[in-house]
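Enquirer: If you use the UniProt record's numbering, the sequence shown closes out at 605, no skipped numbers anywhere.
All C-beta atoms in this analysis are idealised placements derived from N, C-alpha and C, irrespective of residue type, glycine included.
Everything numeric in this text was worked out from a predicted model, so none of it was measured.
Before we start, here is the structure in question, set down as structure tokens.
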Amino acid sequence: MGKKSIAEVGAEDLVQAGLSPDEAASLHTQLKDAIALSRRLPPTTHDGAVDVWREITARRLLRPSHPHAVHQLLYYSVYHNYDESSYGPPLFCFPSLVVANALDLVFAKGDRIAIDMPMTEKAVIIYLAIILGGFVVVSIADSFAPTEIATRLRVSNAQAIFTQDFIVRGGRRFPLYSRVVEASPKRAIVVPVNGEDVQVQLRHQDVSWKTFLAAPLHLPRPSNYTPVYQPIDSITNILFSSGTTGDPKAIPWTHLSPMRGAADSWAHFDVQAGDVFCWPTSLGWVMGPTIVYACFLTGATLALYHGSPLGRGFGKFVQDAGVSILGTVPSLVKAWKSTDCMKGLDWTRIRVFATTGEVSNVDDDLWLTSRAYYRPVVECCGGTELASTYIAGNLLQPQAFGAFSSASMSVGIVILDEDGHAYPDDKACMGEVALFPINMGASDRLLNADHERVYFKGMPVHNGMQLRRHGDILKRTVGGYLAVQGRADDTMNLGGIKTSSVEIERVCNLADKNIVETAAVSASPATGGPEQLVIFVMVKEGFKVSPKELKTKFSRSIQSNLNPLFKVSAVKIVPRFPRTASNKVIRRALRDVWKQELLETQSKL
């Protein structure tokens with residue numbers, strides 16, 4: 001290519017290319033340093049030439065202000081005598097794989113490494129580097145209290161955790177590292193929320209992000225990395241879904257799970273190259289990894305907003321980033337609508353809205369879609385263990401607010417009557433949904449529970465197939481649309497976060513020594529919308545307390561010990577709970593009581 005090799009280029013050549021003598025001398029000195037740092041192989045060899053060019057670009061030795069002749073001189077000199085017939089075209093742009101190399105210096109292949117931080121670009125890089133290196137991501141939401149973090153670290157046997165020193169929301173800083181430390185992780189790598197240095201005192205076994213990244217720089221090729229190839233059923237990610245008897249279920253994702261999630265996004269949201277996809281979420285929840293793969297496996301751009309999505313700042317980001325697909329949860333839409341914070345913003349580049357996590361409110365979705373000339377709002381409902389949806393809207397069928405137009409791509413479902421028999425597919429009905437047993441990407445194991453017992457035991461056989469349990473109550477309308485009516489088991493969705501009655505009750509029972517027992521249920525208002533958390537409580541005889549006082553105590557206990565995002569909507573003091581013959585609380589009956597009270601209140605209004 002060039003007349004000289006890069007080692008032969010002198011300061012006088014740079015002057016002839018258009019630099020001043022001083023500029024040429026400075027650049028020549030830096031160039032020699034770059035050649036020396038790329039060391040290991042002579043710059044005249046293939047790998048040596050690639051390493052030299054990588055070093056030149058990484059150090060930004062060539063500036064946009066330099067004459068083009070200088071760029072030509074160095075590029076063609078680096079690849080002097082380069083043999084394209086043997087090695088293919090010369091490379092000019094290289095992703096940095098320092099994080100994967102840094103992981104290799106500390107961890108053994110297969111180690112489980114947690115991430116507990118907001119979904120920033122660094123969090124996504126860490127997530128992908130862990131998987132690239134043959135390690136396993138442990139997903140933990142940054143909203144969790146220390147006890148919940150500790151449970152997930154214990155269940156997954158995580159060897160370390162990536163976290164952030166603080167979280168910034170609305171201009172305020174909230175501690176995150178200190179909360180993680182209370183969970184006693186074996187080791188933490190701490191990313192600064194701003195700048196290069198963390199702003200907290202670290203434990204002796206913990207390191208800053210800056211120190212972590214510096215570790216592999218002594219390697220011969222710190223930016224080079226060979227991916228670890230594994231069988232398709234190898235675990236890449238451990239996510240959690242609340243169980244009903246204590247510890248959350250540890251659900252392993254394999255290499256197949258991301259393919260399923262990305263395929264669903266393509267089929268139902270029409271995600272494709274050129275799209276800008278934004279969904280405010282976290283790597284601690286199923287939508288975090290799902291949107292990462294949905295973008296990178298389809299060629300779409302992932303849009304990440306650093307801050308709270310509740311305010312106008314997020315809406316302006318959506319406008320300025322040219323977001324074409326926007327994912328939401330119903331409570332988020334309700335907040336936008338009620339505060340009118342998006343007024344005057346241009347969201348007309350959005351071509352698809354998506355929503356999940358809660359029951360949608362018709363009027364809120366009417367407001368949302370009106371922001372973009374009534375583009376479709378695609379409802380989707382699935383599960384962490386499915387790595388996908390099982391019912392969803394799509395762009396090929398007419399859509400109705402708060403409804404799902406079909407089962408998801410390749411998924412078979414039936415709705416069961418009270419005797420466990422499937423209703424005809426064309427019949428309007430309501431009952432527990434059951435899934436066909438084969439779903440690409442769905443779990444086939446749990447790390448801390450019996451997968452067969454949790455998802456299959458006791459389920460009926462349909463057309464020769466053992467059906468899979470999911471737990472939702474579905475209503476099929478005239479015309480074949482589907483609507484979620486709640487849970488058949490004792491789990492609930494609060495603000496898009498799945499939790500269990502048992503977890504809520506465990507902390508509420510300890511809120512006051514005069515509490516005999518609590519029962520936690522959730523229900524959506526008759527007009528639709530997010531589920532509301534209601535605590536039924538039995539107190540000791542003679543104990544005088546108001547529901548308002550208990551609501552304050554329960555809220556404080558839940559937010560301190562479980563999740564600060566959970567809110568108690570109401571407390572109802574009762575003399576006794578409805579129970580089964582085996583003395584189990586019938587939460588469904590309590591849920592019906594509360595729904596009836598909501599309905600009566602609405603009627604009076």
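1) Who are the Cβ neighbours of residue 124 in its own chain at under 8 Å, not counting the five residues just before and after it?
2) Between which residues of its own chain and residue 281 is the CB-CB distance below 7 Å, once the five residues before and five after are set aside?
3) So what does DSSP say about residue 198, is it helix, strand or coil?
4) Run through the DSSP bridge pairs and tell me what residue 470 is partnered with.
5) Alpha carbon to alpha carbon, how far is residue 424 from residue 477? Give it in angstroms, no decimals.
6) Where does residue 434 sit, in a helix, a strand or coil, going by DSSP?
7) Would you be able to state if there are at least three C-beta pairs under 8 Å between the segment 183-201 and the segment 152-170?
8) Under three-state DSSP, which class holds residue 486?
9) From residue 244 to residue 223, what distance separates their C-alpha atoms?
10) Considering just the uninterrupted stretch of the beta strand (DSSP E) at residue 523, what are its terminal residues?
11) Give me the DSSP bridge partner(s) of residue 239.
12) Under three-state DSSP, which class holds residue 278?
13) Should the segment 427-442 be regarded as contacting the segment 392-399, the criterion being three or more beta carbon pairs within less than 8 Å?
14) According to the neighbour-count rule (16 or more other Cβ atoms, all chains shown, within 10 Å of its Cβ), is residue 142 buried or exposed?
15) Indicate whether residue 486 and residue 523 have their beta-carbon atoms separated by less than 8 Å.
16) Report the residue from 529, 108 and 19 whose alpha carbon sits nearest the alpha carbon of residue 357.
17) Which of the three DSSP states is assigned to residue 153 in this structure?
18) Could you pull out every unbroken alpha helix (DSSP H) segment of at least 4 residues lying fully inside the segment 118-170, listed in chain order?
19) Between which residues of its own chain and residue 170 is the CB-CB distance below 6 Å, once the five residues before and five after are set aside?
20) Using three-state DSSP, classify residue 273 as helix, strand or coil.
21) Decide yes or no for the touch test of the segment 3-18 against the segment 76-89: beta carbon pairs closer than 8 Å, at least 3 of them.
22) Does the Cβ-Cβ distance between residue 355 and residue 377 come in under 8 Å?
23) Taking the C-alpha atoms as reference points, what is the distance between residue 156 and residue 112?
24) Report back the beta-carbon spacing between residue 475 and residue 430 to the nearest angstrom; my notes put them in contact at under 8 Å.
25) If the criterion is Cβ atoms closer than 8 Å, does the pair residue 268 and residue 400 meet it?
26) Quick check: the segment 61-69 against the segment 15-28, are at least 3 beta-carbon pairs closer than 8 Å?
27) Between residue 530 and chain D, is there a C-beta pair that is closer than 8 Å?
28) With 16 as the cutoff for other CB atoms within 10 Å, does residue 344 come out buried or exposed?
29) If the criterion is Cβ atoms closer than 8 Å, does the pair residue 235 and residue 248 meet it?
30) May I have the straight-line CA-CA distance separating residue 90 from residue 8, to the nearest angstrom?
31) Name, in chain order, the residues that DSSP records as bridge partners for residue 404.
Expert: Quick answer:
1) 283, 292, 302 and 304
2) 119, 287, 288 and 291
3) coil
4) According to DSSP, which records beta bridges pairwise, residue 470 is partnered with nothing at all.
5) 13 Å
6) strand
7) yes
8) strand
9) Here residue 244 scores only 49 on pLDDT, less than 50, and its place in the model is too uncertain to base an answer on.
10) 515-523
11) 251
12) strand
13) no
14) buried
15) yes
16) 529
17) helix
18) 121-132 and 146-156
19) 308
20) coil
21) yes
22) yes
23) 7 Å
24) 4 Å
25) no
26) yes
27) No chain D appears in this structure, which consists of one protein chain only.
28) exposed
29) no
30) 19 Å
31) 482
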